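S.K.: Everything in the sequence shown is counted per my numbering, starting at 16 for the first residue and increasing by one.
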Amino acid sequence: MQDFRQFAAKNGLKIAETGPCQLCGAGVERGVEECLRVFGDLAGLLRSEKEYAQAHLFSVDAHALQHAEIHGVLNNHVHLLGLCLMLERGASAAMGTRKPAVEKFLALGREWPPLPAPAARERGALTALDVARATAARRPAMARRWAEEVWDAYRVHQPWARRTLDRLAHD
Ligand SMILES: [Zn+2]
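1) Give a yes or no on whether the C-beta atoms belonging to residue 86 and residue 22 are separated by under 8 angstroms.
2) Closer than 6 angstroms by C-beta to residue 149: which residues in its own chain qualify, once you throw out the five before and the five after it? Chain order, please.
3) For the alpha helix (DSSP H) holding residue 115, just list the boundary residues, first then last.
4) Which of the three DSSP states, helix, strand or coil, is assigned to residue 160?
5) Around the C-beta of residue 122, are 16 or more other C-beta atoms found within 10 angstroms, so that it is buried, or is it exposed?
6) How is residue 34 classed by DSSP in three states: helix, strand or coil?
7) Nearest CA to the CA of residue 116: which residue from 98, 33, 48?
8) Out of 159, 59, 34, which one is the CA nearest neighbour of residue 48?
9) Taking the alpha-carbon of residue 61 as reference, which of 137, 118, 73, 110 has the nearest alpha-carbon?
10) Compare the beta carbon distance of residue 130 and residue 175 with 8 angstroms and say whether it is the shorter of the two.
11) Let's test the definition: count the other Cβ atoms within 10 Å of the Cβ of residue 26 and tell me whether it reaches 16, buried, or not, exposed.
12) Looking at C-alpha atoms only, which residue of 64, 88, 54, 103 is the closest neighbour of residue 126?
13) So is residue 128 buried or exposed if we call it buried at 16+ other beta carbons inside 10 Å?
14) What are the boundary residues of the alpha helix (DSSP H) that residue 25 is part of?
15) Using three-state DSSP, classify residue 153 as helix, strand or coil.
16) So residue 137 packs on residue 168, CB below 8 angstroms; how close in whole Å?
17) For the alpha helix (DSSP H) that residue 55 lies in, which residues bound it at each end?
18) Enumerate in chain order the residues of its own chain whose CB-to-CB distance from residue 145 is below 7 angstroms, with the five nearest sequence positions on each side excluded.
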């Protein structure tokens, strides 16, 4: 949990310890750290909520892309490819289904163009808190809507994601 602070420092982000999440705008009280905890709690639902387990990758990608500054340099690349696969190409959003595609991408080992995130708090209005607070019945759809919002916020990079997936399919 602490290494998010190292990434933040590396990316010149000063972590606020109180108030809403400075990156996604979630209405938490203890900033990014609490936002990460809320997201972690979603993963804790995978066993008890089978339907949500089929949609959890939407949350994984949405949260990672809303918090680019506390992740590694290829964060946006990997998670944009993930959203493109699920939202445009019908890939599963169930945990554990993604690995081959990600590995194939990373194995290319090319120099990728930087894919900078939109301004903080302009990365989709929904947050992990909305998915956490939804009823179990509504949670999977909420996760998908969250992912759609984030994908839209990153629309300038969508052509890169589509091109890269096309290339991966033919390599
Ligand atoms: Zn957040």
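Yeah, the Cβ is synthetic: ideal placement off N, Cα and C, and Gly gets one too.
This structure is a prediction, so every number in the text was calculated from the model and none was measured.
M.R.: In this structure, then:
1) Taking the sequence shown and counting its residues from 1, one reaches residue 86 at position 71. Taking the sequence shown and counting its residues from 1, one reaches residue 22 at position 7. Yes, these two residues count as a Cβ contact at 8 angstroms.
2) Counted from its first residue, the sequence shown places residue 149 at position 134. Counting only Cβ-Cβ distances below 6 angstroms, and skipping sequence neighbours, we find 157.
3) Indexing the sequence shown from 1 puts residue 115 at position 100. Segment 114–123, the alpha helix (DSSP H) holding residue 115.
4) To locate residue 160, count along the sequence shown from 1; it is residue 145. In this structure, residue 160 counts as helix in the three-state DSSP scheme.
5) Residue 122 sits at position 107 when you count from the first residue of the sequence shown. It is exposed - the Cβ of residue 122 has fewer than 16 other Cβ atoms within 10 Å.
6) Here residue 34 refers to the residue found at position 19 of the sequence shown. In this structure, residue 34 counts as strand in the three-state DSSP scheme.
7) As a first step, residue 116 is located in the sequence shown; it is residue number 101 there, counting from the start. That would be 98, whose Cα lies nearest to the Cα of residue 116.
8) Residue mapping note: residue 48 aligns to position 33 of the sequence shown, counting from 1. Closest by alpha carbon: 34.
9) Counting from 1 along the sequence shown, the entry for residue 61 is found at position 46. If we check each option's Cα against that of residue 61, 110 comes out closest.
10) Along the sequence shown, one-based indexing puts residue 130 at 115. Along the sequence shown, one-based indexing puts residue 175 at 160. Yes, the pair counts as a contact, with Cβ atoms nearer than the cut-off.
11) Locating residue 26 in the sequence shown gives position 11, where the first residue counts as 1. The residue in question, residue 26, is exposed, as its Cβ has fewer than 16 Cβ neighbours within 10 Å.
12) Here residue 126 refers to the residue found at position 111 when the sequence shown is read from its first residue. Minimum Cα distance to residue 126 is reached at 88.
13) For this step, residue 128 is matched to residue 113 along the sequence shown. Counting Cβ neighbours within 10 Å, residue 128 comes out exposed, since fewer than 16 surround it.
14) The residue labelled residue 25 in the question sits at position 10 within the sequence shown. Taken as a continuous stretch (DSSP letters only), the alpha helix (DSSP H) holding residue 25 covers 18–25.
15) Taking the first residue of the sequence shown as position 1, residue 153 is located at position 138. Here residue 153 sits in coil by DSSP.
16) As a working note, residue 137 is residue 122 in the sequence shown. As a working note, residue 168 is residue 153 in the sequence shown. So it is a contact: roughly 6 angstroms between Cβ atoms.
17) The residue labelled residue 55 in the question sits at position 40 within the sequence shown. 46–58 is the extent of the alpha helix (DSSP H) around residue 55.
18) In the sequence shown, the residue the question calls residue 145 occupies position 130. Counting only Cβ-Cβ distances below 7 angstroms, and skipping sequence neighbours, we find 157, 161.
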